[in-house]
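Protein chains in written order, with UniProt numbering: chain A, 1 to 802; chain B, 1 to 802. Everything below concerns the one structure shown next.
There are 2 protein chains.
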Amino acid sequence: MANVAKKVSWSGRDRDDDEDGRAGETTPLLNGTGPGAAGGVRQLTPSSFLRIGQLSNVDLNEDIHELQTELPRQRPNEIPHNEKLLSLKYESLDYDNSENQLFLEEERRINHAAFRTVEIKRWVICAMIGILTGLVACFIDIVVENLAGLKYRVVKDNIDKFTAKGGLSFSLLLWATLNASVVMVGSVIVAFIEPVAAGSGIPQIKCYLNGVKIPHVVRLKTLVIKVCGVILSVVGGLAVGKEGPMIHSGAVIAAGISQGRSTSLKRDFKIFEYFRRDTEKRDFVSAGAAAGVSAAFGAPVGGVLFSLEEGASFWNQFLTWRIFFASMISTFTLNSVLSVYHGNAWDLSSPGLINFGRFDSEKMGYTIQEIPIFIFMGVVGGILGALFNALNYWLTMFRIRYIHRPCLQVVEAMLVAAVTATVGFVMIYCSRDCQPIQGSSVAYPLQLFCADGEYNSMATAFFNTPEKSVVNLFHDPPGSYNPMTLGMFTLMYFFLACWTYGLTVSAGVFIPSLLIGAAWGRLFGISLSYLTKGSIWADPGKYALMGAAAQLGGIVRMTLSLTVIMMEATGNVTYGFPIMLVLMTAKIVGDYFVEGLYDMHIQLQSVPFLHWEAPVTSHSLTAREVMSTPVTCLRRIERVGTVVDILSDTSSNHNGFPVVESNPDTTQVAGLRGLILRSQLIVLLKHKVFVERANLSLVQRRLKLKDFRDAYPRFPPIQSIHVSQDERECMIDLSEFMNPSPYTVPQEASLPRVFKLFRALGLRHLVVVDNRNEVVGMVTRKDLARYRLGKEGLEELSLAQT
Amino acid sequence: MANVAKKVSWSGRDRDDDEDGRAGETTPLLNGTGPGAAGGVRQLTPSSFLRIGQLSNVDLNEDIHELQTELPRQRPNEIPHNEKLLSLKYESLDYDNSENQLFLEEERRINHAAFRTVEIKRWVICAMIGILTGLVACFIDIVVENLAGLKYRVVKDNIDKFTAKGGLSFSLLLWATLNASVVMVGSVIVAFIEPVAAGSGIPQIKCYLNGVKIPHVVRLKTLVIKVCGVILSVVGGLAVGKEGPMIHSGAVIAAGISQGRSTSLKRDFKIFEYFRRDTEKRDFVSAGAAAGVSAAFGAPVGGVLFSLEEGASFWNQFLTWRIFFASMISTFTLNSVLSVYHGNAWDLSSPGLINFGRFDSEKMGYTIQEIPIFIFMGVVGGILGALFNALNYWLTMFRIRYIHRPCLQVVEAMLVAAVTATVGFVMIYCSRDCQPIQGSSVAYPLQLFCADGEYNSMATAFFNTPEKSVVNLFHDPPGSYNPMTLGMFTLMYFFLACWTYGLTVSAGVFIPSLLIGAAWGRLFGISLSYLTKGSIWADPGKYALMGAAAQLGGIVRMTLSLTVIMMEATGNVTYGFPIMLVLMTAKIVGDYFVEGLYDMHIQLQSVPFLHWEAPVTSHSLTAREVMSTPVTCLRRIERVGTVVDILSDTSSNHNGFPVVESNPDTTQVAGLRGLILRSQLIVLLKHKVFVERANLSLVQRRLKLKDFRDAYPRFPPIQSIHVSQDERECMIDLSEFMNPSPYTVPQEASLPRVFKLFRALGLRHLVVVDNRNEVVGMVTRKDLARYRLGKEGLEELSLAQT
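And the structure:
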């Protein structure tokens, strides 16, 4: 199963166990004699951890990914994949600080000036994120431009040579082979080195910002593979864009810089140590994602809105302002470097990897009568988008079942590359649509069978990077394209793009969607112009833009951020209203049939993704029904052996443990005192923070927050901690390490209420208490993500260890 | 005191007691015999309400504005106004639904389809908000244009007449009288009818969105006065803009439409009853404010960001998308109507009341070398903005102390109007800056002493509505203005605008700020051009824009939203980066000296405004220290007399009461069971929802949610509820009306943690409990707003009943 899941899943964990150096270290509960384990050991009953509440069929089993050693598993050839499943293997990010004594002491020690320094550091990091993201985007752009240019020149020369003397099949072979071999390299590095770098990375970043930890998603290695992968995919002529991956790249850059170290490179720069926790890291990753969008589309505001739409639960003005800063810097960097590269230094008018070109509101204005037409285009976009997603859904299911070996994946990618080249070639070959070369903006005009001074117009669409094709469709003067050409192109490209998305290559779906939409939009505009006898307002470029928006909206279903991205990429504010209408219509129509592409893929991964609100009809459920029981609690002063046993219990890999005060006199369970995390306990055990039972009055070893930060985020598994038999009988005082004020809800709270608290504060554990403040259950992400609004009302997903 | 406070405060409540029909109805505790008050009365000890914890010097005293009857107070002539004060008179909005049994039953009854209907209604309301806001903006624009045109024509004819034959003092007299009389009307309606309509309304809306209920702020009457007031102020030639008030207008429209009734008009349309609660209303008001910004500046995205920046605590995708929809509709409506009005129907290229005109990136691009210059302009803007705010602060203090009678306020407004006209006239008169009339875009060219075919260039700035002057400064070709003219104009207008802000007229500060900035920015550009020997990149228009941004940023200190508003108003995305840098610099520099104008005025009103985060150095405070004690608790089954006594206790006007289960056997206080609001108790008492003590088994009267919604938002005061002596001995069962799962925090939680919970969920009451879930205190808005980061670290504001 793992083998199958790995290919589809973004983790590829199995392969990395050795790299992490843990798989071999499974020496649980060895009788080592640690520094804190001296004589005087007394027996303590195992009743010291409490199991409260009745056993339910659901196990509290948040994934303990970074902690647990992988066990070898059976690998079936086919898995029955079920979308009504929620995986237990994903860990949550903790957006809530564990406000324990150590933390409070540190915060209290820091004075106002020091906080200002921290704040300045945040800004510096954001500036660095922006600059680096911009530079990475430049790098991708320049390399793609040169390599693709080289490829097209070689193929063009070859075609030109063979057009005269016959034997164009050699040209086709050359083209297909070139594409396939480039894509092969791109696919191999992704499939064999870092599978999480496959695809656009947007679903992964959505999950991360939502609070789900996707393994390896923000590692340096992922970034390198992503960048190389996307260059090779685009150069390989696949129906992909280089924009989506920028978002992922930005996020990785942000995660790396903000932590001031790289685990992959084993370098710790000893800076920014204050930011080594989930809360801060996630904030920076938001900024990185925004910077990525900003660099990709020249849309700094769109980038901010993307990050907010996907990630923000709690809106914070300062954070948003910083995110915006990173976005702006990113666009500006890209703009400056590219302007220098293109020779017209200091002309900062081309922000973004894709630039839709100038839409002049005077030449291309719209009138109120066109609004219904735009809405109609939105409907078409919604339907076509839903079709795209449905096809891709079946394809993905097929891939999950049958194409799960890396080799097969590489072969599929090569096949797609060859087919894409072949389709393009055949289409160009069959097309008899010749256009005068003069005054056109085609980069590699293919003459083929056209008269001298003319070029094959189908080649503009196929014999070009998709970005350039989009801009051409937007801006070429009316009459540049034959309706037949556009129709055939739309049809072919639609299926190619659909087949391509989900391949094991690093590539985005934005540009192909825009291209499909622009093609049918332009076709629509031409038809309209024909129907209205060439009335002036039917400029095909304008309709190409609306078609592009409709198609993209129909596929990805983003709302506000996409509108703003489109507005910024066109540089025209007056187009905002029709674009919004088109996107809204496309979303409504599309949602009627099938989910958005990203959401679909997230669901296929069984990720416990939290939406904005609890399902509307879930008021009938209360915390009592959704919570997980029994909860493993710890006492404030606990026996080390008990702690080790609980942590080693693989049947219930809990990550958070309520700390309770059990009255020694009575058997009565007493109230909640705090919450402690597995990672904290691990660090405590590792540093031997405990005292002998006989000498409880002794002060146990003091730890600093730094000890916890150094271990973050890859805490060792419990099996790697050596605890001797003597040490097992020692006592550990959790008071100063536990969070003494965890958020709680009463059992009677309704699901929407629990959901709101959990989502708004970005929690990982929410303790359910009764009227006497006694722990009765625990709500974690998967308990909330399980409830979903299906076609027939509220439905509950089942949980599985896939 | 009240009299004084009223003028400054936005409430003007004192005046409205009669209107509300409550002041005369203070008949507390009358021995009426209500329907539920039959025989069999037993005595219940007053100990049935508990006072827990030690008495602190702070009284739990959230304002019960809508509930409490005003008592006549002494009115001193001067109040010692202290900015280190937090007023107790402001009530909080409750963004958290009271999830009691009635609510849950209703929500559970509603099926999926019904929820969809509710959702559709939300969209319809947003569309209506957008349309109406757009129409109101059109109305203001058209009326102002016509009236101002009329005025300028009359004055111009007069000046033209007297220039030749001498006696220009008559013209001055005419101009000043015209202005003063128009402003008098505008000031009278504001001062005597609805003082809350004074100013731009942005601070008030900021407070509302922050969760503070400002009396009368979203009433229909306020809207009418606001619209008329702003027209009269602008026509009266004051240094004001009509943009700020649009935000307030949009908010009022939203509040009105979403409730489906008008209390002012005493009409209830019986629609949208589902939305009659603070949560929903506040969401719609956000949309209204966004629509207002959108209509004012043609900046739909800026509008959304404004609403989010000011209001959002919990970001919700659907809500944001709806807000954006309202914004877009608003811009579109304005655009359509104005395009029809201006004759070029269906040309939708002029969105917004103010249109900065086309900034062509080709003609007016910027280079990287200019960035430091822009940053320098930001510094200048920050300093000038701080100066503006500091001056206005002293002026406001003066006004609070001495100009608190409506008559005086009207006189001051007239004086300012006359002085503005005089200054303008003198400046024009003294100016010898003549420009050729040909090719210029001046609406009312004053020839005065210029040669034929020329006009007085100072008149472009003064003899015009400020909006037009701004656009002229941005776009007039280089050489249109004499540096001397610009310098004098900046100086004069700076002081005039500063004097004008805070007058009892309805007017905004955006446009005057932009105008001041544009003037010195252009001057700066001219100097630069002179210094660099006319180098091409020193286009004065570009510098005027940056100056305008710097000045506005220095005064209002808005960040992201202002950047986006400026970007959208210029319609140029490439200017985003320098504008952001300028605004950021201006904010940093300005913040060093003094707060932003809006924040300053909010603070002068002693409003308990919650910022984004708790002060950074407040980790040393815990809930125990910030909470209010003692808390008045109610028992689940409580004696009616006790409830009435508690509600009538004017010394501690609590608004939320924890409901506890006190064990009848022991004296021990038992745990928290729920929370009930004053307004709910009032409705219960009004509907006589109680049973005789002897017949506790009897079912008490059932209420529906509708009963609570009908009373919303103006619940009657307790004094208007007649409870007979018999009824006092009845018992009331609060179980199904209380919120059984109020949010709680343990005593040990630090202030930032409490703050985060309170702010993120928009709470009004947060119960502090101990380890056994017993109530020990209550945290309300003012407990959190009290702590502020001053120059010397954390400071605590004192609370006062001002």
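We treat Cβ as the ideally placed atom computed from N, Cα and C, and that holds for glycine. Bear in mind the structure is a predicted one, so any value in this text is a computation, not a measurement.
- In this structure, F297 (chain A) lies away from W612 (chain B), with their beta-carbon atoms at least 8 Å apart.
- Rounded to whole angstroms, the gap between the alpha carbons of E795 (chain B) and D783 (chain B) is 13 Å.
- Taking V769 (chain A) as the centre and dropping the five residues before and after it, the same chain places the C-beta of L672, T744, P746, V775, V776 closer than 7 Å to its C-beta, in chain order.
- Per DSSP, S651 (chain A) lies in no alpha helix (DSSP H) and is assigned neither H nor E.
- A residue is called buried when at least 16 other Cβ atoms come within 10 angstroms of its Cβ; T133 (chain A) meets this threshold and is buried.
- Using beta-carbon distances, A127 (chain B) does not count as an interface residue toward chain A, since no partner is under 8 Å.
- V293 (chain B) is bridged by DSSP to nothing; it lacks a bridge partner.
- When Cβ-Cβ separations below 8 Å define contact, F324 (chain B) makes contact with chain A.
- For the region 616-636 of chain B, the residues whose beta carbon sits under 7 Å from a beta carbon of chain A are, in order, V616, T617, H619, S620.
- A straight-line Cα-Cα distance of about 13 Å links P615 (chain A) and T622 (chain A).
- Taking C-beta atoms as the reference points, W499 (chain B) and V411 (chain B) fail to come closer than 8 Å.
- Note on geometry: alpha-carbon atoms of R759 (chain A) and I120 (chain A) lie some 29 Å from one another.
- Under the 8 Å criterion on CB atoms, S286 (chain B) is classed as non-interfacial with respect to chain A.
- If you check the CB distance, V183 (chain B) and V589 (chain B) do not come in under 8 Å.
- Distance from the CA atom of T460 (chain A) to the CA atom of S469 (chain A), rounded to whole angstroms, is 6 Å.
- Look at H765 (chain B): its C-beta is not under 8 Å from any C-beta on chain A.
- Here T632 (chain A) is buried, its C-beta having at least 16 other C-beta atoms within 10 Å.
- The beta carbon of S294 (chain B) sits no closer than 8 Å to any beta carbon of chain A.
- For the C-beta of T333 (chain A), not a single chain B residue is nearer than 9 Å; the gap to the nearest is close to 10 Å.
- The continuous alpha helix (DSSP H) containing H601 (chain B) extends over residues 597-604.
- Taken atom to atom, the span from the alpha-carbon of M458 (chain B) to that of L473 (chain B) is near 11 Å.
- Here the alpha carbon of P742 (chain B) sits roughly 26 Å from the alpha carbon of L93 (chain A).
- The continuous stretches of alpha helix (DSSP H) do not include I637 (chain A), which lies in the beta strand (DSSP E) extending over residues 637-639.
- About 14 Å separates the beta carbon of L353 (chain B) from that of K226 (chain B), a gap too long to meet the 8 Å contact definition.
- Look at the beta carbons and you see the region 130-145 of chain B not touching the region 154-163 of chain B: under three pairs across the two are nearer than 8 Å.
- With a cut-off of 8 Å on Cβ pairs, the region 447-455 of chain B is not in contact with the region 321-338 of chain B, counting fewer than three such pairs.
- Per DSSP, E194 (chain B) is not a residue of any beta strand (DSSP E), being assigned neither H nor E.
- Among the CB atoms of chain B, one or more fall inside 8 Å of the CB of Q317 (chain A).
- Residue pairing for K213 (chain A): DSSP places it in a beta bridge opposite A:E91.
- T420 (chain B) places its beta carbon 8 Å or farther from that of A148 (chain B).
- For T559 (chain B), a Cβ of chain A is located within less than 8 Å of the residue's own Cβ.
- Secondary structure at V155 (chain B): helix, using DSSP grouped into helix, strand and coil.
- The count of Cβ pairs closer than 8 Å, one atom from the region 538-557 of chain B and one from the region 278-296 of chain A, stays below three, leaving the stretches out of contact.
- Between the alpha carbons of N655 (chain A) and R781 (chain A) lies a gap of roughly 12 Å.
- Within chain B, no residue has its CB atom less than 7 Å from the CB of N655 (chain A), the nearest being about 21 Å off.
- Close to L610 (chain B), with beta-carbon spacing below 9 Å, lies no residue of chain A; the smallest spacing is near 12 Å.
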